[in-house]
Amino acid sequence: MSPPASSIALINATGARAPLGLSALQIAMCVRAKKAEPRSTQLRDKRDRAIGACLTPGLPEDFYGYERLIALAAPALREAALAADFGGRPLPMALALSEPGRPDDNSRLNREILSDLATASGVAVEVDRSLVVRAGHAAGALALEAAVGMLSAGAQGVIWGGADSYFHPDTLRWLDEECRLHALDAENGFVPSEGAAFMILSRPGVRLGSGQANPTGNSSNTTKLPIAAVRFVAGGREETVATGEPNVARAMTELLRRAAESTREGVIKWALNDVNGERHRVREWVLAGARGSLGEGVLEGRLVEDLGDMGAATGPMLGSLVCSYFRAGCAPMSTAAVALHSDGVERGVFVLEEAVS
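Numbering-wise (this note's numbering), the sequence shown opens with residue 50 and increments by one.
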């Protein structure tokens, strides 16, 4: 497969871990088959009812916080690295994580997680050139934007990914107090979830498959062909969230307009978003989508309904799903736009196009 002209980065391999599966392809096929199954946990809400959540197989319910995040992310990172062959040199990483100040916040998320992930996964990461983007949902797009910038600055390849988990007693208690948990008595809540997804990016014109060691140190002689091309990525700020003025989706409207212009058709025909059931998210998306950037009969994927809300992992996970559909030959369109809205002012959109044979 060859990348489309005007691509700004290539995606060569993916890896993921989530409640619906322990690999990128397994997750994609389970989403396609509508296998979502939130379940009750041992934690109780303010009405003394069991809190429902989407939890990843193999991780116990009494395993929280930073260590759980590493356990989620390391296998996904290793899967992506094993699927790629990039010549043995450590790769820089752009990592999307939860926003600062959440009840489960940990100072190690600011920087230390990069070296801890490298150690836990066995993947060579160029920590000094890596960065962490802490911005919630939109962090995935902002991290991808940073990864593309690294490639433009001369990096041969970059690891792009994200990881997050809402499954923490303090975080769930906070969401419950804010009436944001999906429940019988809540009109405006979401199903908390968790996940991690990573992709190996390269510059257009740079081919994987050097026959040297890949980022895990294992040698390979196979030539890896790209799965998809990044045609567009950008972040924006919806300042009305901070000022308290009415949110009329100016930032997302502009991002969708620019994303549509990057496509061959000039409109978005397949759009995936992070709408999770909260009314303010639904309203902002509807306003932005009604202004001409989405094509007539657009295929809209609200996959948070199938995955639960994965926070900062949402963007990379949706990117991994799109790539898995491209590779499996079951994607409904050859181009997909992913739109992300943080709880704060950050917004982001990226566009992926299938690499052509």
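Here a beta-carbon is modelled for each residue, glycine too, at the ideal position from N, C-alpha and C.
Cut-off 7 Å between Cβ atoms - residues of its own chain near residue i, not counting five sequence neighbours on either side
i            : result
alanine 99   : Ser89, Thr90 and Arg93
serine 242   : Pro68, Ala102, Cys103, Tyr215, Leu356, Gly357, Asp358 and Met359
leucine 336  : Val297 and Ala298
lysine 84    : Leu69
glycine 150  : none
arginine 351 : Asn322 and Val324
Strand pairing of residue i, partner residues [DSSP]
i              : result
glutamate 243  : Ser214
arginine 183   : Leu146
aspartate 358  : Pro241
isoleucine 249 : Ala62 and Ile208
asparagine 322 : Ala388
valine 174     : Leu140
serine 383     : Partner(s): none; serine 383 has no beta bridge.
alanine 67     : Gly70
Classification of residue i by the beta-carbon crowding that lies within 10 angstroms, buried from 16 upward
i                 : result
phenylalanine 281 : buried
phenylalanine 112 : exposed
asparagine 325    : buried
serine 342        : buried
serine 251        : buried
glycine 315       : exposed
asparagine 322    : buried
valine 400        : buried
serine 164        : exposed
cysteine 372      : buried
aspartate 153     : buried
threonine 312     : buried
lysine 95         : exposed
valine 240        : buried
arginine 256      : exposed
threonine 63      : buried
glycine 285       : buried
histidine 390     : buried
glycine 206       : buried
Whole-Å CB distance - residue i paired with residue j, under 8 Å assumed
i              : j           : result
alanine 122    : leucine 59  : With a Cβ gap of about 22 Å, alanine 122 and leucine 59 do not count as contacting.
valine 182     : alanine 188 : 5 Å
alanine 184    : leucine 191 : 6 Å
methionine 142 : alanine 246 : At roughly 13 Å, the Cβ-Cβ gap does not stay under 8 Å, so methionine 142 and alanine 246 are not in contact.
serine 211     : alanine 145 : Residue identity check: residue 211 is glycine in the sequence provided, not serine. Indeed, because the Cβ distance is near 3 Å, the residues count as touching under 8 Å.
glycine 364    : glycine 397 : 7 Å
alanine 120    : leucine 108 : 6 Å
DSSP-derived helix/strand/coil call for residue i
i                 : result
glutamate 403     : strand
arginine 351      : coil
glutamine 205     : coil
histidine 231     : coil
phenylalanine 281 : strand
leucine 389       : strand
valine 398        : strand
threonine 312     : coil
threonine 90      : strand
glutamate 345     : strand
arginine 328      : helix
isoleucine 119    : helix
alanine 418       : Since the displayed the chain opens at 50 and closes at 406, residue 418 lies outside it and no answer follows.
glycine 101       : strand
arginine 157      : helix
Own chain, CB closer than 6 Å to residue i, minus 5 neighbours either side, in chain order
i             : result
leucine 224   : Leu230
proline 295   : none
threonine 384 : Thr312 and Glu402
glycine 244   : Ala67, Met359, Ala362 and Met366
Chain-order list of residues whose beta-carbon lies under 8 Å from that of residue i (same chain, five-residue window excluded)
i             : result
proline 218   : Leu92 and Tyr113
glutamate 327 : Arg229, Asn237, Gly238 and Phe239
alanine 291   : Gly393 and Val394
alanine 277   : Leu59, Ile60, Val371, Cys372, Phe375, Leu401, Glu402, Glu403 and Ala404
Chain B within 8 Å of residue i, Cβ atoms only
i            : result
arginine 330 : In the displayed structure, chain B is absent; only one protein chain is listed.
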